[in-house]
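Trainee:
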Amino acid sequence: MGSELHPFTHILAKDAIFEFLQLIRASQISKRESEKFLSFIKSLLPFPNQIPKDMNRLFIGLGTTNHFNKKAICILCEKEFENNQQFYNECNGISIVKSTNLKLWICDASLIELPPAIRTKRSNIFLISMYIGYTEPNVKTWLRSSFENINALKTADFQVESLQKSFKIKVCGCIADSPALKLMANMIGHNGYYPCFYCHIKGEHVRQVSKRQYQYEVPVHYRTIKSFSINSKEAQLNNTKVFGHLGTSILDEVFDIPLPRGLIIDYSHVSLLRHFRDVVKTISLSLAPVIRENIDISLRAQVIHHFFNRKLRGVADFSFIKAIELKNLLFYGFIPHFMHYTTIDQLSFISLFVIGVRLLHADDAFDTITRNNASAAARNISAALGEGAVADRTCRDWFKRFREGDMSLEDRPRSGHPLESNIERFKVLIEDNTRLTTHELSAMLGCNQSTIDRHLRKMEKVNKLGTWVPHQLTSDNV
């Protein structure tokens, strides 16, 4: 590769091949099509020439290391085939290419601490492994060797020659939608009992719709690092389900942040591409074809002023819709166009859903100081809702609950019974026997003595010589 491209030019073969490779990568052409271009260029040049015959020889000539390894694993015995080429020649025929049941699973990673210019160009994303098969992958069989290589990189410093620096690799978390995340966490899907990755909500089976429903419970019983580890190991040891766990997760072998803190649900897939998309399709299928067509026409005609040259898609175009387009439909299009064809319950649900998703896109209501300061939070709440909307002591109680994991703002139940329900009986007891003590009154009414004292002051009663008398004489008390 160090010589000229052919006898009639001074261009080096290595420079020409490098420029060709850069052009192919920028054009995003497949390896198979690249070899066709390579063969065509070789046929045009004078003979002999230094153009390689295929892409593999091109990489060898440039000294490029091929980091892509290919495995063929039997889904029955979970063992690797010794002869990969023979297996693919027998099974990877045209029928597999045309099959609609073939699934592709990709595991990639992204480097977080990089300059914004690189992140925006998506140059920080690299492929770890991919799986092609008719069934869902066995994650431990699929990713075992890849994660072993990552652990090998973590044990040694990662050297960057161009910067003359070394880095330590830390794996912070796994971002995926619910079906992929349940495989990585080795838990049941979101159609069984205890499916949540973060809490112990069990759910109940509703026979009318043949589905699991998960009622929100207060306080929320969160999964802790300790309980997540113990339950997963118990499920692995006994080969049974334990609070939704099917066994230990392969992520434990590579994560630097313990589970479940390292599990991150992909909001765009779960809330938009799955949940909201199914809601829209279900409601639209319940409408007459003429109504659906009219709604699609009005949706396509609506202009979104928040985005340049972006319009709403119709329901008929949902096969190729993107998450950003579904978000625009949720925020600006669904309620105005569907409100006359939905029930009150459906419209109420969608309205609350819109509010919830808008909160995800909104800025922080409080800055860093406010989030850690109860007094600052009380001032901001009072400024937004009116003076005296919340007291400093109430905010301090809330902050104390938040640190304990209780996110409820409701008042906690106190001991005894409130006096408000027995106020008439309280007045009767005082009028019948003015010599009752506060201790006796609290025992009769089931409340504390401070509550009795407060209500006696409201009634303007004072204790004189062991008798409750009016503080000021009136015409009624004479």
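Reminder that position 294 of the sequence shown reads as 444 in our numbering, one-by-one numbering, no gaps.
Glycine residues also receive a C-beta, built at the ideal position from the N, C-alpha and C atoms.
Counting only runs that start and end within the region 282-331, where is the alpha helix (DSSP H) found for 4 or more residues in a row?
Mentor: Unbroken alpha helix (DSSP H) stretches of 4 residues or longer found wholly inside the region 282-331: 289-305, given in chain order.
Trainee: With DSSP as the reference, label residue 343 as helix, strand or coil.
Mentor: In the sequence shown, the residue the question calls residue 343 occupies position 193. If DSSP states are grouped into helix, strand and coil, residue 343 belongs with coil.
Trainee: List the endpoints of the continuous beta strand (DSSP E) containing residue 260.
Mentor: Against the sequence shown, residue 260 aligns to sequence position 110. Per DSSP, residue 260 belongs to the beta strand (DSSP E) from 253-260.
Trainee: Considering only their Cβ atoms, is the gap separating residue 509 from residue 426 smaller than 8 Å?
Mentor: Along the sequence shown, one-based indexing puts residue 426 at 276. Along the sequence shown, one-based indexing puts residue 509 at 359. It is not a contact, given that the beta carbons lie outside the stated cut-off.
Trainee: Grab me the residues of residue 154's own chain with a C-beta within less than 7 Å of its C-beta, minus the 5 sequence neighbours each way, in chain order.
Mentor: Numbered from its first residue, the sequence shown carries residue 154 at position 4. If the five residues before and after residue 154 are omitted, its C-beta is found closer than 7 Å to the C-beta atoms of 160, 161, 162, 163, all from its own chain and listed in chain order.
Trainee: So, for residue 328: in the same chain, excluding its five sequence neighbours on each side, which residues have a beta-carbon less than 6 Å away from its beta-carbon?
Mentor: Taking the first residue of the sequence shown as position 1, residue 328 is located at position 178. Hits under 6 Å: 340, 420.
Trainee: Just how far apart, CA to CA, sit residue 573 and residue 613?
Mentor: Counted from its first residue, the sequence shown places residue 573 at position 423. Counted from its first residue, the sequence shown places residue 613 at position 463. Straight-line Cα distance between these residues: approximately 19 Å.
Trainee: What is the DSSP secondary structure of residue 349, counted as helix, strand or coil?
Mentor: Reading the sequence shown from its first residue, position 199 is the one you call residue 349. In the structure shown, residue 349 sits in a strand (DSSP, three-state: E or B).
Trainee: Only counting the same chain, and skipping five residues up and downstream in sequence, which positions put a Cβ closer than 7 Å to that of residue 579?
Mentor: Within the sequence shown, the letter at position 429 stands for residue 579. Answer for residue 579: 586, 591, 594, listed in chain order.
Trainee: Within this structure, are the beta carbons of residue 487 and residue 449 separated by less than 8 Å?
Mentor: Indexing the sequence shown from 1 puts residue 487 at position 337. Indexing the sequence shown from 1 puts residue 449 at position 299. Residue 487 is a Cβ neighbour of residue 449, given a cutoff of 8 Å.
Trainee: First and last residue of the alpha helix (DSSP H) that includes residue 440?
Mentor: As a working note, residue 440 is residue 290 in the sequence shown. Residues 439-451.
Trainee: Here's the rule I'm using: 16 or more other beta-carbon atoms within 10 Å means buried, otherwise exposed. How should residue 619 be labelled?
Mentor: To locate residue 619, count along the sequence shown from 1; it is residue 469. Exposed, by the Cβ-count rule.
Trainee: Tell me, please, which residues DSSP counts as bridged to residue 620.
Mentor: Taking the sequence shown and counting its residues from 1, the one referred to as residue 620 is at position 470. Paired residues: 611.
Trainee: Which stretch, first to last residue, makes up the alpha helix (DSSP H) that contains residue 192?
Mentor: Position 42 of the sequence shown, counting from 1, holds the residue named residue 192. Per DSSP, residue 192 belongs to the alpha helix (DSSP H) from 181-194.
Trainee: Out of 556, 185, 363, 257, which has the shortest C-alpha to C-alpha gap to residue 371?
Mentor: The residue you call residue 371 lines up with position 221 of the sequence shown. Residue 556 is the option with its Cα nearest to residue 371.
Trainee: Excluding the five sequence neighbours on either side, which residues of its own chain have a C-beta within less than 8 Å of the C-beta of residue 483, listed in chain order?
Mentor: Stepping through the sequence shown from its first residue, residue 483 is reached at position 333. Once the five neighbours on either side are set aside, the close Cβ partners of residue 483 are 449, 452, 462.
Trainee: Mind checking residue 359: buried by the 16 CB within 10 Å criterion, or exposed?
Mentor: Position 209 of the sequence shown, counted from the first residue, corresponds to residue 359. By the neighbour-count rule (16 or more Cβ atoms within 10 Å), residue 359 is not buried but exposed.
Trainee: Would you check if there are 3 or more beta carbon pairs closer than 8 Å linking the region 521-531 to the region 493-504?
Mentor: In short, these stretches do not touch, since the Cβ pair count stays below three.
Trainee: Indicate the three-state DSSP secondary structure (helix, strand or coil) for residue 368 in the structure shown.
Mentor: Taking the sequence shown and counting its residues from 1, one reaches residue 368 at position 218. In the three-state reduction of the DSSP assignment, residue 368 falls in the coil class.
Trainee: If you drop the 5 nearest sequence neighbours on each side, which residues of the same chain put their C-beta closer than 6 Å to that of residue 157?
Mentor: The residue labelled residue 157 in the question sits at position 7 within the sequence shown. Result list for residue 157: empty, nothing under 6 Å.
Trainee: Looking at the structure shown, is residue 221 part of a helix, part of a strand, or coil, going by DSSP?
Mentor: Start at 1 with the first residue of the sequence shown, and residue 221 comes out as number 71. Of the three classes helix, strand and coil, the one that applies to residue 221 here is coil, per DSSP.
Trainee: Which whole-angstrom value describes the C-beta separation of residue 413 and residue 534, a residue pair presumed to lie in contact below a C-beta threshold of 8 Å?
Mentor: By one-based count along the sequence shown, residue 413 stands at place 263. By one-based count along the sequence shown, residue 534 stands at place 384. Not quite, the Cβ-Cβ distance comes to about 34 Å (not below 8 Å), so this is no contact.
Trainee: Can you name the start and end residues of the alpha helix (DSSP H) that residue 361 belongs to?
Mentor: Reading the sequence shown from its first residue, position 211 is the one you call residue 361. Counting along the chain, residue 361 falls outside any alpha helix (DSSP H), though it belongs to the beta strand (DSSP E) covering 361-363.
Trainee: Beta-carbon within less than 7 Å of residue 363's beta-carbon, same chain only, minus the 5 sequence neighbours each way: which residues are those?
Mentor: Within the sequence shown, the letter at position 213 stands for residue 363. Contacts found: 353, 354, 356.
Trainee: Got a sec, what are the start and stop residues for the beta strand (DSSP E) residue 413 sits in?
Mentor: Within the sequence shown, numbered from 1, the residue matching residue 413 stands at position 263. 413-415 is the span of the beta strand (DSSP E), which, as asked, contains residue 413.
Trainee: When the Cα atoms are used, what is the spatial distance from residue 196 to residue 167?
Mentor: As a first step, residue 196 must be located in the sequence shown, where it is residue number 46. As a first step, residue 167 must be located in the sequence shown, where it is residue number 17. Using only the alpha carbons, I get a separation of about 16 Å.
Trainee: With DSSP as the reference, please indicate the residues paired to residue 280 in a beta bridge.
Mentor: Against the sequence shown, residue 280 aligns to sequence position 130. Paired residue(s): 256.
Trainee: So, with DSSP's three-state summary, where would you put residue 409?
Mentor: On the sequence shown, position 259 is the one that residue 409 refers to. Correct three-state label for residue 409: coil.
Trainee: So what's residue 401 in DSSP terms, helix, strand or just coil?
Mentor: On the sequence shown, residue 401 is found 251 positions in, with the first residue counted as 1. Correct three-state label for residue 401: helix.
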